[in-house]
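Since the structure comes first, as structure tokens, the remarks are kept for the end.
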Amino acid sequence: MDANRLRRRQSALIMVIALLSAATATAQSPTASQAPPNDAPPADASAETRPDPWQAEQDGRIVRGDELLKQRQPEVAIREAFDPVIQAYEARYASDGKIYFCSRGPGETLMYLMGVAADHDKGKGRGDAVVLEPTWAYGYYGKAYALIELNRFDEAAVALDRALELSPANPQFLSERGYLYRASREWDRMLASNQAALDHVSLAPESLRDAERARALRGAGYALIELDRLDEAERHFRDSLKIEPGNQVALGELDYIKQLRTKKP
1 MDANRLRRRQ
11 SALIMVIALL
21 SAATATAQSP
31 TASQAPPNDA
41 PPADASAETR
51 PDPWQAEQDG
61 RIVRGDELLK
71 QRQPEVAIRE
81 AFDPVIQAYE
91 ARYASDGKIY
101 FCSRGPGETL
111 MYLMGVAADH
121 DKGKGRGDAV
131 VLEPTWAYGY
141 YGKAYALIEL
151 NRFDEAAVAL
161 DRALELSPAN
171 PQFLSERGYL
181 YRASREWDRM
191 LASNQAALDH
201 VSLAPESLRD
211 AERARALRGA
221 GYALIELDRL
231 DEAERHFRDS
241 LKIEPGNQVA
251 LGELDYIKQL
261 RTKKP
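Residue numbering for the sequence shown is 1 to 265, as defined by the working numbering.
The structure is reproduced here in structure tokens:
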């Protein structure tokens, strides 16, 4: 395909920052949490709604990184935004032996906790599971995105794989991983990564669900073209157009499929 059509990037970080404060920020193990002792002081309701300055700082860095990416300053975004977020979370959480996840909603949280609980039941448990807000994972995702813009694909893959360790069911991360497989021409892996994104898109926040589904359909469609599965590819691109009518990438790929068919014997 024409190199100019190699990818159609979504705006820098497809994430409304409000999701960071609305997403799950619990610290639960797979086992039931204990009730507070009878003599525990009453909960301070105002403390529950009081913003956490440390968390607000990390969220603000993600917003700043997004702005820098839109300004085409990926190196600055890594240095001033994404690396500081990663370092702050690693310093706070990475060495306590717990299994950490980052979630954008309750369905995703439940999936992670149930998975760890199942591992414990099978004797494979590595520690208690803790589910945090998505900021940590978006630090790695933002860094990966910036590294892609700098054509540093191997480093981007390392950062993105770390984002997926924290949020393995995040469709946005899975589609981006598919893009990296596209860059390395690993078509089966690209297809599998985008299919995984489609499998988990129901867990995405409702406001982002359609965009993430459409992107995964286009990514899978691209891989299917390269695998010479043109009928399936066409269905994927047409399904994406049902979500985002008039999308020029999908329309262009459908035209390309027509051209390929005319060349077949």
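C-beta atoms are modelled at their ideal positions from N, C-alpha and C, and glycine is treated no differently.
Every value quoted in this text rests on a predicted model; they were computed, and no experiment measured them.
Boundaries (first-last residue) of the beta strand (DSSP E) holding residue i
i	result
V130	A129 to L132
I78	Careful: I78 lies outside any beta strand (DSSP E) and carries neither H nor E.
Whether residue i touches residue j by CB criterion (8 Å)
i	j	result
Y138	L160	no
S167	F101	yes
L270	L230	Nothing can be reported for residue 270, as the shown portion of the chain is limited to 1 through 265.
T109	V131	yes
Through-space distance from residue j to residue i, alpha-carbon basis
i	j	result
L68	Q58	15 Å
A94	P84	15 Å
E75	A146	7 Å
P245	F237	11 Å
E206	R104	10 Å
R79	K143	9 Å
R213	K242	11 Å
Q10	V249	Since pLDDT at Q10 reaches only 47, below the 50 mark, its modelled position is unreliable, and the value read off the structure follows with that caveat. In a straight line, the C-alpha of Q10 is about 11 Å away from that of V249.
R64	K264	49 Å
Q71	H120	46 Å
V116	G97	14 Å
M114	D255	44 Å
E149	R177	14 Å
Y89	W136	6 Å
V128	A118	Looking at the sequence shown, residue 128 is not Val but Asp. Those two C-alpha atoms are separated by around 12 Å.
Enclosing alpha helix (DSSP H) for residue i [first to last residue]
i	result
Y191	Going by the sequence as given, residue 191 is Leu instead of Tyr. Unbroken alpha helix (DSSP H) run through L191: W187 to H200.
Q58	P53 to K70
Chain B contact for residue i (CB, 8 Å cutoff)
i	result
K143	Protein chain content of the structure displayed is limited to a single chain, and chain B is not contained in it.
Completely contained alpha helix (DSSP H) runs for the stretch 213-264, where each covers 4 or more residues: Within the stretch 213-264, the complete alpha helix (DSSP H) segments of 4 residues or longer fall at 230-243 and 248-263, listed in chain order.
Inter-stretch contact (C-beta, 8 Å, three-pair minimum) for the stretch 159-175 and the stretch 196-203: The answer is yes - the stretch 196-203 touches the stretch 159-175, with three or more Cβ pairs under 8 Å.
So, does the stretch 178-195 touch the stretch 218-233, judging by three or more C-beta pairs under 8 Å? The way I'd put it, the stretch 178-195 does touch the stretch 218-233; three or more beta-carbon pairs between them come closer than 8 Å.
My parser needs the beta strand (DSSP E) runs of 3 or more residues fully inside the stretch 94-178; what are they? Listed in chain order, the complete beta strand (DSSP E) runs (minimum 3 residues) inside the stretch 94-178 are 99-102 and 129-132.
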